[in-house]
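Note sheet for the following structure.
There are 2 protein chains.
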Amino acid sequence: MTLQNKYQHLFCRRLKQARLRKDLSQKQLGIAAGIDEFVASTRINRYEKGIHEVNLETAGKLAEVLGVPLAYFYAESDGLAQLILDYAHSQIDK
Amino acid sequence: MTLQNKYQHLFCRRLKQARLRKDLSQKQLGIAAGIDEFVASTRINRYEKGIHEVNLETAGKLAEVLGVPLAYFYAESDGLAQLILDYAHSQIDK
DNA sequence: CCACTAAGACCCTCTTAGCGA
DNA sequence: TCGCTAAGAGGGTCTTAGTGG
């Protein structure tokens with residue numbers, strides 16, 4: 064594994080950025096997403112470093128905890144990523 | 064596995080729709096994405112039925128073959144999915 | 001506390017070999 | 001040809017146990 068392609072790299076970067084925006088530690092994020100507290104830190108670290116890939120279920124929970132649409136993690140350009148965030152915020156106001 | 068959560072279900076639906084829009088068979092899509100021709104049909108079928116999850120590398124190739132941003136597969140609402148497609152098309156015109 | 005890692009058990013995916021429409 | 005599936009082989013992920021900042 065280990066960051067073989069651009070999407071993997073983008074996922075890691077966006078996950079980390081979203082986590083820091085919420086001011087959470089890797090362990091806190093994992094626990095909030097329903098991961099056992101004894102492995103939360105390890106697993107989130109693995110995901111952020113691009114060593115392991117998240118499964119869709121966990122990715123969905125992470126997105127919810129971090130307050131971003133799941134698609135945000137997979138946006139290839141920063142322009143699209145911002146568009147997705149703006150869309151999410153506009154939906155909240157509705 | 065087997066469609067445990069809403070994101071899995073959405074991924075399957077969006078993948079199938081995008082494939083049919085391009086008028087490709089499951090086998091053709093797999094081969095175009097670089098999968099060995101002897102397993103292409105089986106693997107794409109697995110992904111569309113939600114039995115197996117795609118890895119990020121394969122998902123990226125599928126998105127490229129189908130002419131959609133990777134994030135499209137993960138959009139939770141149809142509104143966001145359309146927004147992502149529109150964004151991709153506007154980038155082409157530039 | 002924090003981020004991060006090695007190693008093996010575990011379990012999901014991939015391949016093989018088929019099915020009926 | 002198409003979509004689809006069972007079962008075992010194979011390999012990536014998860015857990016355990018731990019390091020250093």
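So the protein sequences, as listed, match chains A and B.
The opening position of the first sequence corresponds to residue 64 in this note's numbering, with each subsequent residue numbered one higher.
The opening position of the second sequence corresponds to residue 64 in this note's numbering, with each subsequent residue numbered one higher.
Quick reminder that beta carbons are idealized off the backbone N, C-alpha and C, glycines included.
Owing to the predicted nature of the structure, the values given are computational and were not obtained by experimental measurement.
Taking C-alpha atoms, which residue in B:D86, B:A134, B:V117 lies nearest to S140 (chain A)? B:A134
For D156 (chain A), name the three-state secondary structure that DSSP assigns. helix
So P132 (chain B) and I147 (chain B) are supposed to be a Cβ contact under 8 angstroms. How far apart are they, rounded? 5 angstroms
To the nearest angstrom, how far is the alpha carbon of Y137 (chain A) from that of H152 (chain B)? Between the alpha carbons of Y137 (chain A) and H152 (chain B) lies a distance of about 17 angstroms.
What are the boundary residues of the alpha helix (DSSP H) that Y110 (chain A) is part of? 103-112
If A95 (chain A) sits next to V117 (chain A), beta carbons under 8 angstroms apart, how far is it from one beta carbon to the other, in whole angstroms? About 15 angstroms separates the two Cβ atoms, so there is no contact after all.
Can you grab the Cα-Cα spacing for the pair L143 (chain B) / D149 (chain B), in whole Å? Rounded to the nearest angstrom, the gap between the Cα atoms of L143 (chain B) and D149 (chain B) is 10 angstroms.
Tell me which residues of the region 66-87 of chain B have at least one Cβ-Cβ distance to chain A shorter than 7 angstroms, keeping chain order. Q67, N68, Y70, Q71, F74
With a cut-off of 7 angstroms, does the C-beta of E100 (chain A) fall near any C-beta of chain B? It does not: the Cβ of E100 (chain A) has no partner Cβ on chain B nearer than 7 angstroms.
Output the distance between the C-alpha atoms of V102 (chain A) and N108 (chain A), rounded to the nearest integer angstrom. 10 angstroms
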